[in-house]
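Trainee:
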Ligand SMILES: Nc1ncnc2c1ncn2[C@@H]1O[C@H](COP(=O)(O)OP(=O)(O)OP(=O)(O)O)[C@@H](O)[C@H]1O
Ligand SMILES: [Mg+2]
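Protein chains in written order, with our numbering: chain A, 648 to 1013; chain B, 2 to 586.
1) With a threshold of 8 Å between beta carbons, is residue 701/A in contact with chain B?
2) Alpha carbon to alpha carbon, how far is residue 268/B from residue 285/B?
3) Give the residues of chain B in contact with residue 807/A, contact being defined as C-beta atoms less than 9 Å apart.
4) Leaving out five residues before and five after residue 756/A in sequence, what residues of the same chain have Cβ atoms less than 8 Å from its Cβ?
5) Please state whether the Cβ-Cβ distance between residue 230/B and residue 465/B is less than 8 Å.
6) Can you name the residues of chain B whose CB is closer than 7 Å to the CB of residue 846/A?
7) Quick one: is the Cβ of residue 312/B within less than 7 Å of any heavy atom of ligand 1?
8) Could you work out which residues of chain A lie near residue 391/B, taking near to mean beta carbons separated by less than 9 Å?
9) When the cut-off is 8 Å and only beta carbons count, does residue 785/A lie next to chain B?
10) Under three-state DSSP, which class holds residue 406/B?
11) Please confirm whether residue 938/A and residue 1011/A have their CB atoms less than 8 Å apart.
12) Could you name each continuous beta strand (DSSP E) segment of 3 residues or more that falls completely within the region 782-826 of chain A, going from the start of the chain to the end?
13) Closer than 8 Å by beta-carbon distance: list the chain B residues that pair up with residue 732/A, in chain order.
14) So, is the C-beta of residue 727/A closer than 8 Å to a C-beta in chain B?
15) In angstroms, rounded to a whole number, what distance separates the CA positions of residue 560/B and residue 141/B?
16) When the distance is taken between beta carbons, is residue 528/B closer than 8 Å to residue 516/B?
17) What residue does the alpha helix (DSSP H) around residue 412/B start on, and which one ends it?
18) Would residue 811/A and residue 711/A qualify as a contact pair, given that the criterion is a beta-carbon distance under 8 Å?
19) Keeping to the same chain, check which residues put their C-beta closer than 8 Å to that of residue 664/A; ignore five residues upstream and five downstream.
20) Can you tell which of 896/A, 793/A, 792/A has the C-alpha that lies nearest to the C-alpha of residue 885/A?
21) By how many angstroms is the C-alpha of residue 958/A removed from the C-alpha of residue 305/B?
22) Would residue 90/B and residue 351/B be called neighbours here (beta carbons separated by less than 8 Å)?
23) Does ligand 1 have even one heavy atom less than 7 Å from the beta-carbon of residue 318/B?
24) When the Cα of residue 477/B is compared with those of 277/B, 145/B, 501/B, which residue comes out closest?
25) Give the interface partners of residue 757/A over in chain B, defined as CB-CB distance under 7 Å, in chain order.
26) When the Cβ atoms of the region 818-828 of chain A are set against those of the region 793-810 of chain A, are three or more pairs found closer than 8 Å?
27) Suppose contacts are defined by Cβ-Cβ distances below 8 Å. Is residue 747/A in contact with residue 773/A by that definition?
28) Closest by CA to residue 741/A, which one among 723/A, 801/A, 668/A, 778/A?
29) Is residue 215/B close to chain A, meaning its C-beta is less than 8 Å from at least one C-beta of that chain?
30) Chain A partners of residue 212/B, CB-CB under 8 Å?
31) Have a look at residue 233/B and residue 117/B and give me their C-alpha separation to the nearest angstrom.
32) Does the distance between the C-beta of residue 665/A and the nearest non-hydrogen atom of ligand 1 fall short of 7 Å?
33) Which residues, in chain order, does the region 787-799 of chain A contribute to contact with chain B at a C-beta distance below 7 Å?
34) Tell me which same chain residues have a C-beta within less than 6 Å of the C-beta of residue 858/A, skipping the five on either side of it?
35) At 4 residues or longer, and completely inside the region 873-901 of chain A: list those alpha helix (DSSP H) runs for me, N to C.
36) Do the CB positions of residue 512/B and residue 563/B come within less than 8 Å of each other?
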């Protein structure tokens, strides 16, 4: 549905060139909810704007629904207004000189060929009811709350039933509670309409809960692209692991290569030798970071044996969070965060034995 | 009486109690603004020959029919309308094009345009008009002489002593302020509003028409009204260009009624005429304010502050640059060069090779040897410094009350301080003339005929500018900052001194310098109040010398004045007024 190949884009600024996008490749299937996730300044917005035709790339190709809309080599650049898209801006960009109805009717009035008034009215009202803004059509647009403006922007983007919906951090201006509600509501809505959606955010929770596919960007490049589950469970780089969820890193060197199923090998670290899943093609002696999620660690019991990555730790700090017990533990030279079951009885200063399950530990090239 | 009360009732009492300081400022502003206007209104109903003859027995309605049954009045009305509409149209359109070019296109050298256009503020209307007389008066203007002597034209090519000439010169003069108002207007618009239209399927032209233009409209109309008020009140340009050809507008007519008063006292008529003038200006200001208020509704939360996409100029590249250069030449460079040339020649004549060899600083020595120059310079410095200082201090006091206090009449105070903005300088001069003469009659002092009369009129005229700028500056300083200081244990006066003043300093100095710039340029009110040597300021001296035909001397003074003013404008920029502009690109 959407295909971006080798996209490059730079900005000319007073301080020189900023190479904001450096060879991005994306392939999005019809009806997919695709999310670009990454820290501030990594080029998510720039990529989205190139897709919308609001920025002119330096090189690459973009096609929407099989139609080439931009091509560097072939010198094709279809302007925004002729691309079949709807877009929601971070600031919503609601036109303050129009009322709600006129804002939504605008894209219809701009469509080639005259649409009868009654048809425009039907479509606008349908779009407004889709985002639950029925009855607001005569309200001047500035007299809407933040959440309502966001819905209005969505209705405006959807009213001409575009093939593709582009959303740039649409929830970031809302307060926390509204954001929680809108997450599910927005996903349900676009899924119900079956519209292909590209969503930009720096909020991992939004990315994980809403998307079919998440692409993590770092300094103008996509570093990993997979389902939310895989992104969380199998981060491919240290950056991805650190960016998504809480993570403990333990630095070390591979001392035993992967043997057989699961690519499990062994890494020598300051906490002792840890058995973990090794990256493909890693050899003995390679420096790696072992990634352990706080919630995967548990207290050793009678059934635990030494071979299970059992380490001795000292609890430094305990914070009771209700559903979990968050602890900081000193393991060898490392400080690690743990999420234990709230019923666990531990005290600060106590020496305990912890298990890092080998199939939950992942070594990444560092 | 209880010697000790609980804290709570005491606090409530304090709140209601009027701070004597607030009351004093309020009374001062009332006396300065309301009293002269009241006397002006009263005077319009009096047939007293001179303001000093005023008694309640002289009250009559006769002045109004006198003025309004005179067909000449309608002629003036027509001239004024044409002149104000024309000058505003020229000024605002040129400023809009310049602002759009720097904000939204790929024109090169933007920093020069941001710095250069406001430099036109340093060319006083008086000198701008005089330079154009030297260039384009029908008989001896350089351009016309060249056309007739060298190109063989039968008659003058252009005549600057016309409504068209006045529109052209005043239009040029309006550009810098209009430009400074329009740039933020363009800049504050969220580019996403236009982009949203593109992604909705609107073509660029359709977007420009339905989105950009509509969003700009309220601000644009406000700028237009504001500039029209300025054009309406300006005296210098119609005074130099219109009066010699008997083309009168309101401001020059009011001046004439007063200036000829020595032979034929018509003060009451001048007042009656001023009433309409005042009425028009007040109505225009009222609409201006309504628009400003309405446009606040239009302010939009902007997302990330990246600059909007710039329109490539393409084949318009060179015409655009040419347009900017042409403006700079016509508004700044040419007037300056013409005056410089005139100040260096023996007697005024069109440029030729022979003339260049005879150039000297003769006229500069003439100016310094001229008896009236020294006292005028002293007067001017005194007047300018006093005006700027009083305006700055008074505006600060007023704004502090308006923005930060709970004084009951703070809204009235704010409105009263703004009202003089709508009162044309000539009318203000007339109102104060009456006020001073009455004041002197009752107290036996000599306010009229002292330089302080000019200072007071200018203080009242610029207080509107001062408080508006100051309100904004104080609002910007979050009261948390002061509260943080008090919580840290600083007593109020130390908070004011240590936290507030340093933050306010750029605004205070900026207002001071700007008022200096304004007050040294204006001739209208000082001419009305002119009463011998002790009230003579530079603008007045230039006016009279020009009248006497000493154009070379005027040019020499003009050149020195303009150099001083250029320095001030650059100083203003250095102080950060418009620094954001220079930084932006
Ligand atoms: N109009 C512009 N002019 C110059 N540089 C720009 C412009 N827009 C973006 N950049 C630069 O390009 C890089 C990528 O910016 P982009 O807006 O795509 O980041 P982002 O991933 O959307 O970040 P955020 O999460 O903060 O929105 C940044 O370094 C930014 O400073
Ligand atoms: Mg962004």
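All C-beta atoms, glycine included, are put in the ideal place defined by N, C-alpha and C.
Mentor: By the coordinates alone:
1) For residue 701/A, a Cβ of chain B is located within less than 8 Å of the residue's own Cβ.
2) Near 25 Å, if we compare the C-alpha coordinates of residue 285/B and residue 268/B.
3) Within chain B, 201, 202 have C-beta atoms less than 9 Å from the C-beta of residue 807/A, given in sequence order.
4) Contacts found: 762, 767.
5) Cβ distance not < 8 Å, so residue 230/B and residue 465/B don't count as in contact.
6) Within chain B, no residue comes near residue 846/A; the closest Cβ sits about 15 Å away, beyond 7 Å.
7) No, the beta carbon of residue 312/B sits no closer than 7 Å to any heavy atom of ligand 1.
8) Those within 9 Å of residue 391/B in chain A number zero; the least Cβ separation is about 41 Å.
9) Output row for residue 785/A: interface = no.
10) Here DSSP, grouped into helix, strand and coil, assigns residue 406/B to coil.
11) In this structure, residue 938/A sits near residue 1011/A, with a CB-CB distance shorter than 8 Å.
12) The region 782-826 of chain A contains these whole beta strand (DSSP E) runs: 811-815.
13) Listed along chain B are 200, each with a C-beta nearer than 8 Å to that of residue 732/A.
14) It does: the Cβ of residue 727/A has a partner Cβ on chain B nearer than 8 Å.
15) Residue 560/B and residue 141/B: Cα-Cα distance of roughly 21 Å.
16) It is not a contact, given that the beta carbons lie outside the stated cut-off.
17) Here the alpha helix (DSSP H) through residue 412/B covers 411-419.
18) Yes.
19) Hits under 8 Å: 657, 658.
20) Among 896/A, 793/A, 792/A, the Cα nearest to that of residue 885/A belongs to 896/A.
21) Note that residue 305/B has pLDDT 44, beneath the 50 cutoff, so the model's placement of it is unreliable and the number below is only indicative. Straight-line Cα distance between these residues: approximately 48 Å.
22) Between residue 90/B and residue 351/B, the C-beta gap is not smaller than 8 Å, which leaves the two residues out of contact.
23) Outside the cutoff, so no.
24) Of the candidates 277/B, 145/B, 501/B, the one whose C-alpha sits nearest the C-alpha of residue 477/B is 501/B.
25) Result: 201, 202, 203, 207.
26) By the Cβ test, the region 818-828 of chain A is in contact with the region 793-810 of chain A, since at least three Cβ pairs between them sit closer than 8 Å.
27) The Cβ atoms of residue 747/A and residue 773/A lie no closer than 8 Å to each other.
28) In this structure, 801/A is the residue among 723/A, 801/A, 668/A, 778/A with its C-alpha nearest to the C-alpha of residue 741/A.
29) Taking Cβ atoms only, chain A reaches closer than 8 Å to residue 215/B, which makes this a yes.
30) Ordered by position in chain A, the residues that pass the 8 Å Cβ test against residue 212/B are 742.
31) Rounded to the nearest angstrom, the two C-alpha atoms are 26 Å apart.
32) Under cutoff, so the answer is yes.
33) Result list: 789.
34) Taken in chain order, the residues that qualify are 680, 682, 875.
35) Listed in chain order, the alpha helix (DSSP H) runs fully inside the region 873-901 of chain A are 875-880, 885-890, counting runs of at least 4 residues.
36) Cβ distance not < 8 Å, so residue 512/B and residue 563/B don't count as in contact.
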